[in-house]
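Here the numbering used here is used: the first residue of the sequence shown is 432, the next is one more, and so on.
What follows is a set of notes on a single structure, which appears directly below.
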Amino acid sequence: MTADLPGPVGLSAAVGSKVQPGHQETRAGDVVHSLADISRARAFGFNPKHSLEEGIRETVQAMQTCHPEEPPQFGCESTP
């Protein structure tokens, strides 16, 4: 099963940006083809609770909550 996903799967929309990804020539070590497929996991009873788009949106919201004064970034560390 192959899904045609628009650009970076809603990441631009989640952070409120209209920036489009730029693509360059492949480099040594780049993953040329990646086929994410959870059909085997589903065969063992896995059923995701959130869509990829929902997960991205929730992650961005969490990062903005941790660091509202900074651009979204990974790592939400509480400081005493």
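Glycine residues also receive a C-beta, built at the ideal position from the N, C-alpha and C atoms.
Predicted model, so just to flag it, every value in this text is computed and none were measured.
Between which two residues does the alpha helix (DSSP H) carrying residue 476 extend? Note, residue 476: premise wrong, no alpha helix (DSSP H); not H, not E.
Can you tell me the Cβ-Cβ gap for residue 487 and residue 477, rounded? I've got them flagged as a contact below 8 Å. Between residue 477 and residue 487 the Cβ distance is about 19 Å, and since that is not below 8 Å, they are no contact.
May I ask you to report which of helix, strand or coil DSSP gives residue 469? coil
For residue 484, the three-state DSSP class (helix, strand or coil): helix
As assigned by DSSP and simplified to three states, the class of residue 435: Confidence in residue 435 is poor, its pLDDT being 46 and thus under 50, which makes the residue's placement too unreliable to answer from.
If I'm right that residue 441 touches residue 489 with Cβ under 8 Å, what's the distance once you round it to whole angstroms? Their Cβ separation, rounded to whole angstroms, is 11 Å, which puts residue 441 and residue 489 out of contact at 8 Å.
Thinking just about the alpha-carbon of each residue, which of 464, 443, 475 and 480 is nearest to the one in residue 453? 443
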